[in-house]
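Asker: Here UniProt numbering is used: the first residue of the sequence shown is 1, the next is one more, and so on. Each residue gets a CB set at the ideal place from its N, CA and C atoms; glycine is no exception. Quick caveat: nothing in here was measured; it's all calculated off a predicted structure. Dropping a structure here in structure tokens format, bear with me for questions.
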Amino acid sequence: MKYDFKQVEQKWQKIWDEEHTFAAKQDYTLPKYYALVEFPYPSGQGLHVGHPRSYTALDIVARKKRLQGYNVLYPMGWDAFGLPTENYAMKNHIHPEIVTAKNVARFKSQLKSLGLSFDWDREINTTDPNYYKWTQWIFLQLYKKGLAYKKEMNVNWCPSCKVVLANEEVVDGKCERCGAQTTHKVKSQWMLKITAYADRLVDDLDDLDYIPRVKTQQKNWIGRSHGAEVKFKTTAGDELLIYTTRPDTLFGATYMVIAPEHPAIEKWADRIRNMDEVKAYQAEAAKKSDFERSELAKEKTGVKLDGVNAINPVNGKEIPIFISDYVLISYGTGAIMAVPAHDERDWDFARAFGCEIIEVVKGGDVEKAAFTDCATGVMVNSGFLDGMSVEQAKKAIVEWLSEQSVGTPKTNFKLRDWVFSRQRYWGEPIPMVHCEKCGWQPIPESELPLRLPEITDFEPGENGESPLARHTEWVNTTCPCCGGPATRETDTMPQWAGSSWYFLRYMDPHNNDALASKEALAYWGPVDWYNGGMEHTTLHLLYSRFWHKFLYDIGVVPYSEPYRKRTSHGMILGENGEKMSKSRGNVVNPDDIVNEYGADTMRLYEMFIGDFEKSAPWNTASIKGCRRFLERVWGLMDMVAEGDGYSQKLESSMHRTIKKVTEDIEVLKMNTAIAAMMSLLNEIYDQKSVTKGEVRTLLILLNPFAPHMTEEMWQQLGFEGQIAHAQWPAFDEAKCVDSTVEIAVQVNGKVRAKLVVPANISKDDAIAAAKADEVVAKLVEGKTICKEIYVPGKLVNIAVK
Ligand code: ANZ
Ligand code: ZN
Numbered sequence: 001m002k003y004d005f006k007q008v009e010q011k012w013q014k015i016w017d018e019e020h021t022f023a024a025k026q027d028y029t030l031p032k033y034y035a036l037v038e039f040p041y042p043s044g045q046g047l048h049v050g051h052p053r054s055y056t057a058l059d060i061v062a063r064k065k066r067l068q069g070y071n072v073l074y075p076m077g078w079d080a081f082g083l084p085t086e087n088y089a090m091k092n093h094i095h096p097e098i099v100t101a102k103n104v105a106r107f108k109s110q111l112k113s114l115g116l117s118f119d120w121d122r123e124i125n126t127t128d129p130n131y132y133k134w135t136q137w138i139f140l141q142l143y144k145k146g147l148a149y150k151k152e153m154n155v156n157w158c159p160s161c162k163v164v165l166a167n168e169e170v171v172d173g174k175c176e177r178c179g180a181q182t183t184h185k186v187k188s189q190w191m192l193k194i195t196a197y198a199d200r201l202v203d204d205l206d207d208l209d210y211i212p213r214v215k216t217q218q219k220n221w222i223g224r225s226h227g228a229e230v231k232f233k234t235t236a237g238d239e240l241l242i243y244t245t246r247p248d249t250l251f252g253a254t255y256m257v258i259a260p261e262h263p264a265i266e267k268w269a270d271r272i273r274n275m276d277e278v279k280a281y282q283a284e285a286a287k288k289s290d291f292e293r294s295e296l297a298k299e300k301t302g303v304k305l306d307g308v309n310a311i312n313p314v315n316g317k318e319i320p321i322f323i324s325d326y327v328l329i330s331y332g333t334g335a336i337m338a339v340p341a342h343d344e345r346d347w348d349f350a351r352a353f354g355c356e357i358i359e360v361v362k363g364g365d366v367e368k369a370a371f372t373d374c375a376t377g378v379m380v381n382s383g384f385l386d387g388m389s390v391e392q393a394k395k396a397i398v399e400w401l402s403e404q405s406v407g408t409p410k411t412n413f414k415l416r417d418w419v420f421s422r423q424r425y426w427g428e429p430i431p432m433v434h435c436e437k438c439g440w441q442p443i444p445e446s447e448l449p450l451r452l453p454e455i456t457d458f459e460p461g462e463n464g465e466s467p468l469a470r471h472t473e474w475v476n477t478t479c480p481c482c483g484g485p486a487t488r489e490t491d492t493m494p495q496w497a498g499s500s501w502y503f504l505r506y507m508d509p510h511n512n513d514a515l516a517s518k519e520a521l522a523y524w525g526p527v528d529w530y531n532g533g534m535e536h537t538t539l540h541l542l543y544s545r546f547w548h549k550f551l552y553d554i555g556v557v558p559y560s561e562p563y564r565k566r567t568s569h570g571m572i573l574g575e576n577g578e579k580m581s582k583s584r585g586n587v588v589n590p591d592d593i594v595n596e597y598g599a600d601t602m603r604l605y606e607m608f609i610g611d612f613e614k615s616a617p618w619n620t621a622s623i624k625g626c627r628r629f630l631e632r633v634w635g636l637m638d639m640v641a642e643g644d645g646y647s648q649k650l651e652s653s654m655h656r657t658i659k660k661v662t663e664d665i666e667v668l669k670m671n672t673a674i675a676a677m678m679s680l681l682n683e684i685y686d687q688k689s690v691t692k693g694e695v696r697t698l699l700i701l702l703n704p705f706a707p708h709m710t711e712e713m714w715q716q717l718g719f720e721g722q723i724a725h726a727q728w729p730a731f732d733e734a735k736c737v738d739s740t741v742e743i744a745v746q747v748n749g750k751v752r753a754k755l756v757v758p759a760n761i762s763k764d765d766a767i768a769a770a771k772a773d774e775v776v777a778k779l780v781e782g783k784t785i786c787k788e789i790y791v792p793g794k795l796v797n798i799a800v801k
């Protein structure tokens with residue numbers, strides 16, 4: 001009988017839907033498992049073949065955990081606020097809500113056609129007022145704890161999107177969304193104080209089961225460094241404060257550099273004789289992004305301040321002060337001591353400007369390059385530090401600086417507070433009002449959700465204002481504090497807001513009184529396994545850890561970390577090995593694959609495509625191989641013999657396959673799990689028959705990968721109930737040994753033959769098999785056998801006279 005995947009897949013999707021087969025149970029006494037994938041942004045393009053790679057992998061985990069008896073939560077929802085929808089709405093004059101609903105419907109039917117076992121009863125949407133009520137509520141709590149504040153900021157500005165961008169949205173000096181060159185603009189912005197959590201966000205990574213590259217990227221992004229702040233006296237009679245991570249190199253500081261924006265320049269204006277040159281340089285620097293300015297390879301530029309010098313506190317030496325754009329005003333103190341012998345950028349600069357290079361750590365050739373190694377060098381030319389290691393010198397100099405009151409230990413972070421304002425329509429309104437008398441006031445919680453007003457003009461104001469600002473009927477309100485006239489905040493939240501806590505809402509999605517009940521939070525939290533894109537490591541993943549820690553601090557959630565385990569999938573590339581994109585014409589549409597080969601084949605193929613963490617090119621030939629495998633499994637129905645157990649010949653293979661599939665799923669080695677099932681199938685075909693017990697086990701193992709076909713076979717073979725409610729098979733470690741081994745046959749100590757025998761062969765059988773070998777038979781013929789030895793799994797030795 002031919003396998004009609006279309007009919008079978010539709011049949012089971014309908015049954016799962018009607019019976020709510022994959023709904024998480026409300027019973028909090030069962031062992032729980034919470035598997036999570038990043039919810040998509042429902043774009044107009046529909047699902048991409050990259051989405052199912054993540055969704056299918058955790059679907060396999062979720063289905064397996066259900067079969068192992070866990071109460072599984074595997075939810076899905078929509079991260080639906082954001083610019084592309086708003087841009088589309090603007091262009092086509094359709095309300096973003098309508099666009100969102102249409103896109104969501106398409107995504108949902110695509111996900112269902114893949115047979116993903118999401119609990120659709122818990123579907124959420126960040127643009128639903130019942131959802132964003134709680135996003136706004138969290139903002140109010142942050143505000144009440146002083147973690148949300150307004151600040152005049154020199155913010156990244158995209159002249160094309162006409163929107164303020166967070167640092168993370170500026171990639172290589174360009175807008176992450178549209179690719180335009182970004183500039184700066186001063187604006188009063190809502191900020192979230194993520195920096196208050198910087199230490200914990202680094203330290204708590206140690207206890208989490210995140211893949212190493214995720215931890216490393218988060219640590220680098222937060223960028224904690226330990227060093228010292230040091231005061232240098234200047235000839236202007238004041239002091240210049242610098243930040244260094246290498247106070248040990250203080251004797252090698254031969255000049256200073258301050259950022260072009262440093263306020264000292266204004267202060268010293270009367271003394272600086274080349275102010276015109278300085279001003280011209282400042283203007284040039286203002287045009288560049290921080291990214292361009294801090295590029296290592298870039299040619300060093302700068303201007304020496306003519307009229308003010310600094311004094312090195314360790315030796316009283318007068319040294320020049322430069323302004324240069326490689327020093328950023330936004331980091332440390334915006335001023336550095338330059339140690340060209342041991343810092344690459346300082347070395348380049350010193351070479352360009354003829355500054356002195358003094359070696360203070362021995363180990364390299366500072367005439368040729370900066371010597372930056374801190375682990376091996378020994379201090380030289382450094383007075384009382386001479387002979388010490390870098391580590392010892394750091395301690396000694398910091399003590400000395402403290403005694404002299406010229407320096408203190410200091411920890412710095414690269415992480416900046418989170419710019420939380422967007423001048424856009426399609427986002428959560430920030431629930432604050434401004435009163436002339438009372439200043440900024442939070443709206444009462446009873447007024448949540450603060451709904452977006454229904455408007456039709458989404459174009460942002462040219463001056464960088466939100467389109468909401470034009471709607472005075474919405475903007476004008478009364479002050480919650482004094483009852484006088486007040487105006488609403490017209491900025492909205494960034495897209496990252498809704499995704500910073502969505503995994504909590506799934507735990508109790510219909511709750512009207514809290515973001516989720518205490519019981520639900522205690523039972524389901526934390527997420528046991530979260531898979532998502534590497535590109536979200538420093539944004540969404542960090543933001544959501546921050547919000548969760550905050551919610552923990554105010555007693556809302558009972559755990560300080562949201563996710564126990566985090567993995568990340570590689571990208572699926574085009575057949576040509578390049579990134580899939582419309583312009584390259586190499587985009588594969590998942591709908592086409594499902595139509596032509598079926599969802600089970602598509603799922604199996606995406607899991608078979610290669611190591612989960614690595615990117616992999618699409619390969620149509622390999623899809624056909626997966627399809628063929630499923631057809632051969634289907635063919636087993638014509639070969640089934642009676643017998644609930646395993647046949648002797650297949651017993652060890654059965655146990656080994658169970659072990660392999662069970663263990664590989666836990667480490668996302670779906671490809672090798674599939675390979676193990678393929679090789680079991682080959683063995684079965686070699687036997688030309690299979691017991692009911694063997695098919696039963698194979699179907700359960702394959703079910704998480706190919707849920708529709710295995711469900712249908714289960715039913716046709718007359719097994720009880722649905723496979724979705726079956727029990728995952730157990731394996732016996734003792735029976736997992738390799739089924740055959742190669743043994744050597746010696747005659748009088750000399751190897752004469754090699755034989756492949758069953759691994760558990762008895763001594764008598766092994767010796768009999770050895771004697772049956774043609775060569776061996778000739779050698780022993782007519783001789784007296786004195787001794788026969790069998791070393792299990794290794795050799796047979798026959799001694800003859
Ligand atoms: C002297 C020195 C000697 C430095 C040496 C390094 C090596 P991280 O690890 O990133 O914190 N620095 C400090 N503030 C800066 C700013 N606003 N813009 C550009 N560079 C700045 O790096 C800290 C080091 O970067 C500091 O330590 C300082 O240079 C530089 F052999 O001070 B160092
Ligand atoms: Zn007021």
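1. Taking Y597 as part of the alpha helix (DSSP H), name the residues at either end of that continuous run.
2. Within the structure, which residues are defined as neighbours of the ligand ANZ by a Cβ-heavy atom distance below 5 angstroms, reported in chain order?
3. With the cut-off set at 9 angstroms, would you say L111 and Y55 are in Cβ contact?
4. Distance, Cα to Cα, A777 vs A724?
5. Tell me the rounded alpha-carbon separation between S324 and M607.
6. Is H708 helix, strand or coil by DSSP?
7. Between T538 and the rest of its own chain, which residues show a CB-CB distance below 7 angstroms, the 5 nearest in sequence each way excluded?
8. Could you check which residue in T478, P453, C479 has the C-alpha nearest to that of R470?
9. Look up T538 in the DSSP assignment and say whether it is helix, strand or coil.
10. Using the C-alpha atoms, what's the distance from S622 back to C178?
11. What three-state label does DSSP hand E299 in the structure shown?
12. Please list the terminal residues of the continuous alpha helix (DSSP H) segment that includes G693.
13. Rounded to whole angstroms, what is the Cα-Cα separation between L116 and V695?
14. Within a Cβ cutoff of 7 angstroms, which residues of the same chain sit near E788, ignoring the five residues on either side of it in sequence?
15. Is it true that the segment 523-532 meets the segment 34-43, where meeting means three or more beta-carbon pairs spaced less than 8 angstroms apart?
16. What span of residues does the beta strand (DSSP E) with I94 cover, start to end?
17. Nearest-angstrom Cα distance between N71 and Y28?
18. Three Cβ pairs or more, each shorter than 8 angstroms: is that satisfied between the segment 92-104 and the segment 510-525?
19. Take A148 and list the residues in its own chain whose beta-carbon comes closer than 8 angstroms to its own, dropping the five residues that flank it on each side.
20. Along the alpha helix (DSSP H) that carries E663, what are the first and last residues, could you check?
21. To the nearest angstrom, report how far apart T135 and T126 are at their CA atoms.
22. Is the Cβ-Cβ distance between V751 and V741 less than 9 angstroms?
23. Residue range of the alpha helix (DSSP H) that N671 falls in?
24. Locate the alpha helix (DSSP H) running through I222, then write down its first and last residues.
25. Beta-carbon of W347 versus every beta-carbon of chain D: anything under 9 angstroms?
26. Helix or strand or just coil, what does DSSP make of S499?
27. Alpha helix (DSSP H) containing G625: first to last residue?
28. Can you tell which of A24, D203, D491 has its C-alpha closest to the C-alpha of K187?
29. Are the CB atoms of R424 and P467 within a distance shorter than 9 angstroms?
30. Cutting at 6 angstroms between CB atoms, please list the residues of its own chain near A285, excluding the five before and the five after it.
31. Helix, strand or coil: how does DSSP classify V163 here?
32. First and last residue of the beta strand (DSSP E) that includes N531?
33. For the segment 682-699 against the segment 650-658, are there 3 or more C-beta pairs whose distance is under 8 angstroms?
34. Roughly how many whole angstroms lie between the Cα atoms of K144 and K414?
35. Is the number of C-beta pairs between the segment 544-556 and the segment 587-594 that are closer than 8 angstroms three or more?
Answerer: Inspection of the coordinates gives the following:
1. What you label residue 597 is simply residue 597 of the sequence shown in a count that begins at 1. Taken as a continuous stretch (DSSP letters only), the alpha helix (DSSP H) holding Y597 covers 590-597.
2. Look at which beta carbons fall closer than 5 angstroms to any heavy atom of the ligand ANZ; those residues are S225, Y243, T244, T245, R246, T249, V327, L328, Y331, G332, I336, V339, H342, D343.
3. Residue numbering aside, residue 111 sits at position 111 when the sequence shown is read from its first letter. Residue numbering aside, residue 55 sits at position 55 when the sequence shown is read from its first letter. Less than 9 angstroms divides the Cβ of L111 from the Cβ of Y55.
4. For the purposes of this step, residue 777 is taken as the residue at position 777 of the sequence shown. For the purposes of this step, residue 724 is taken as the residue at position 724 of the sequence shown. Straight across, the Cα-Cα distance linking A777 with A724 is about 56 angstroms.
5. Reading the sequence shown from its first residue, position 324 is the one you call residue 324. Reading the sequence shown from its first residue, position 607 is the one you call residue 607. S324 and M607: Cα-Cα distance of roughly 52 angstroms.
6. Here residue 708 refers to the residue found at position 708 of the sequence shown. Helix, per DSSP.
7. Translated into positions along the sequence shown, residue 538 becomes position 538. Excluding sequence neighbours, T538 sits near E168, Q217, Q218, W221.
8. The count along the sequence shown starts at 1 and reaches residue 470 at position 470. For R470, the closest of T478, P453, C479 by C-alpha to C-alpha distance is P453.
9. Within the sequence shown, the letter at position 538 stands for residue 538. For T538, the three-state secondary structure derived from DSSP is coil.
10. As a position in the sequence shown, residue 178 is number 178, starting the count at 1. As a position in the sequence shown, residue 622 is number 622, starting the count at 1. Rounded to the nearest whole angstrom, the CA to CA distance from C178 to S622 is 36 angstroms.
11. Locating residue 299 in the sequence shown gives position 299, where the first residue counts as 1. Looking at E299 - three-state DSSP - the assignment turns out to be coil, as it is neither helix nor strand.
12. Residue numbering aside, residue 693 sits at position 693 when the sequence shown is read from its first letter. Per DSSP, G693 is one residue of the alpha helix (DSSP H) stretching across 692-702.
13. Taking the first residue of the sequence shown as position 1, residue 116 is located at position 116. Taking the first residue of the sequence shown as position 1, residue 695 is located at position 695. Rounded to the nearest angstrom, the two C-alpha atoms are 23 angstroms apart.
14. By 1-based counting over the sequence shown, the position of residue 788 is 788. Hits under 7 angstroms: I767, I798.
15. Output reads yes: the segment 34-43 touches the segment 523-532.
16. Position 94 of the sequence shown, counting from 1, holds the residue named residue 94. Counting along the chain, no beta strand (DSSP E) covers I94, and no H or E run does either.
17. Residue numbering aside, residue 71 sits at position 71 when the sequence shown is read from its first letter. Residue numbering aside, residue 28 sits at position 28 when the sequence shown is read from its first letter. Approximately 9 angstroms between the Cα atoms of the pair.
18. The segment 92-104 is not in contact with the segment 510-525.
19. The residue labelled residue 148 in the question sits at position 148 within the sequence shown. Taken in chain order, the residues that qualify are F139, L142, W190, M191, L192, K193, F420.
20. The residue given as residue 663 occupies position 663 in the sequence shown. Run containing E663: 648-666, per the alpha helix (DSSP H) assignment.
21. Walking along the sequence shown from the start, residue 135 turns up at place 135. Walking along the sequence shown from the start, residue 126 turns up at place 126. One C-alpha to the other measures close to 9 angstroms.
22. The residue given as residue 751 occupies position 751 in the sequence shown. The residue given as residue 741 occupies position 741 in the sequence shown. Not in contact: V751 and V741 (Cβ atoms no closer than 9 angstroms).
23. The residue labelled residue 671 in the question sits at position 671 within the sequence shown. Note, N671: alpha helix (DSSP H), 670-687.
24. Sequence index remark: in the sequence shown, residue 222 carries index 222 (1-based). It spans 212-222 - the alpha helix (DSSP H) in which I222 sits, taken as one unbroken run.
25. Structure shown: chain D not included; a single protein chain is present.
26. By 1-based counting over the sequence shown, the position of residue 499 is 499. In the structure shown, S499 sits in a helix (DSSP, three-state: H, G or I).
27. By one-based count along the sequence shown, residue 625 stands at place 625. Its alpha helix (DSSP H) spans residues 620-635.
28. Numbered from its first residue, the sequence shown carries residue 187 at position 187. Out of A24, D203, D491, D491 has the C-alpha closest to the C-alpha of K187.
29. Within the sequence shown, the letter at position 467 stands for residue 467. Within the sequence shown, the letter at position 424 stands for residue 424. A distance below 9 angstroms separates the beta carbons of P467 and R424.
30. Reading the sequence shown from its first residue, position 285 is the one you call residue 285. Counting only Cβ-Cβ distances below 6 angstroms, and skipping sequence neighbours, we find P260, D325.
31. By one-based count along the sequence shown, residue 163 stands at place 163. V163 falls in the strand class under three-state DSSP.
32. The sequence position of residue 531 within the sequence shown is 531, counting from 1. Taken as a continuous stretch (DSSP letters only), the beta strand (DSSP E) holding N531 covers 529-531.
33. They touch, by the three-pair rule.
34. In the sequence shown, the residue the question calls residue 144 occupies position 144. In the sequence shown, the residue the question calls residue 414 occupies position 414. Straight through space, the alpha carbons of K414 and K144 are spaced by roughly 26 angstroms.
35. Flag = no, the segment 544-556 and the segment 587-594 do not touch.
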